[in-house]
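Q:
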Amino acid sequence: MNFSSDHNANINNLTAREREVLFLRTEGLTREQIAETLQIAETTAKTHLQNIHRKLGVSTQAELIKLVYSQRKA
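Under the UniProt record's numbering, the first residue of the sequence shown carries the number 1, and numbering increases by one thereafter.
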């Protein structure tokens, strides 16, 4: 997943696992589905999502999706 623009550094600062979780979330998977896909606990998936939101400075799922898709277009 390649990103550019102002959020590039922030997205690149995500861990490899956080980037995996981010990709799955933007593909429409629920937290439970992400946990199952990655074979991790749902609470771990929740923690990854919270960390992603914090690191990218977004508050809502909609903001997260908008940021990711705007970066894919750039």
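Each residue gets a CB set at the ideal place from its N, CA and C atoms; glycine is no exception.
Give me the Cα-Cα distance between threonine 37 and valine 58, rounded to the nearest whole angstrom.
A: The residue labelled residue 37 in the question sits at position 37 within the sequence shown. The residue labelled residue 58 in the question sits at position 58 within the sequence shown. Near 24 Å, if we compare the C-alpha coordinates of valine 58 and threonine 37.
Q: Contact defined as beta carbons within less than 8 Å: I believe leucine 49 pairs with arginine 17. What is the distance between those atoms, to the nearest angstrom?
A: Indexing the sequence shown from 1 puts residue 49 at position 49. Indexing the sequence shown from 1 puts residue 17 at position 17. Actually they are not in contact, since the Cβ atoms of leucine 49 and arginine 17 sit about 11 Å apart, beyond 8 Å.
Q: Rounded to a whole number of angstroms, what is the C-alpha to C-alpha distance between valine 68 and glutamate 27?
A: As a position in the sequence shown, residue 68 is number 68, starting the count at 1. As a position in the sequence shown, residue 27 is number 27, starting the count at 1. Valine 68 and glutamate 27: Cα-Cα distance of roughly 11 Å.
Q: How about lysine 55 and leucine 29: do their beta carbons lie closer than 8 Å?
A: Translated into positions along the sequence shown, residue 55 becomes position 55. Translated into positions along the sequence shown, residue 29 becomes position 29. For lysine 55 and leucine 29, no; Cβs fall outside 8 Å.
Q: Locate the alpha helix (DSSP H) running through alanine 41, then write down its first and last residues.
A: Numbered from its first residue, the sequence shown carries residue 41 at position 41. Element bounds for alanine 41: n/a, residue is neither H nor E.
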